[in-house]
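Residue numbers (full-length UniProt numbering): 1 to 219. We put the beta carbon where it would ideally sit given N, CA and C, even for glycine. Each remark here refers to the structure printed beneath this line.
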């Protein structure tokens, strides 16, 4: 029996791999939509129904609920870090950078609070995973903030060694306040919370600006 040419098998495998990737993305889309419809406590039955399929089919593409949950977290992390990167590079002034990052983070949460609750509450996480997706997201954002703080420190003639703790500390500050804000059913407008957090962060980061804040920047 004549062997099938390798190139033909490779093309077929490549097409199948692309189909699997596309189907996984569709199932992540369905999960996000199901969270929007049913809330952060959504179950696999609702997710499968949203995808127009069965749980058996879902598990053909994801080994278990935890793998699907991690895929959703990765999607959210990619979207959030992209938005934060754009916000934080939109200005070279340190205080405005902080304000843009805080506002962007809060706006992302407010746009889809149930999806945020889904990510932080681990509703589908039924086994230990190699890395906690929420901690990984915080680390990614913290690293990004630290890199920008380092640049600002160097521009101010300061030792950039403080960049890592400041960047990660800023993320922890904003995340803790945002979690409270959502749990308390948003007791103040997003813009007010963003201003409060920016003021608090800037009390420690204002030394990045050797000229000091202008009157407009202190408002």
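Shown here, residue 157 sits in coil according to DSSP, grouped into three states, outside any helix or strand. DSSP places residue 54 outside any alpha helix (DSSP H), giving it a letter other than H or E. Annotation for residue 162: no alpha helix (DSSP H) segment contains it, and DSSP assigns it neither H nor E. DSSP places residue 178 in the helix class (H, G or I) of the three-state scheme.
In the DSSP assignment, residue 65 falls within the alpha helix (DSSP H) that extends over 65–88. Under the DSSP assignment, residue 104 falls in the alpha helix (DSSP H) whose first and last residues are 94–111. Between residue 200 and residue 173, the C-beta gap is smaller than 9 Å, which places the two residues in contact. In terms of CA proximity to residue 76, 136 leads the group 92, 136, 170. Exposure of residue 19 is indicated by the presence of fewer than 16 other C-beta atoms within 10 angstroms of its C-beta. Residue 43 sits away from residue 117, with the two beta carbons spaced by 9 Å or more.
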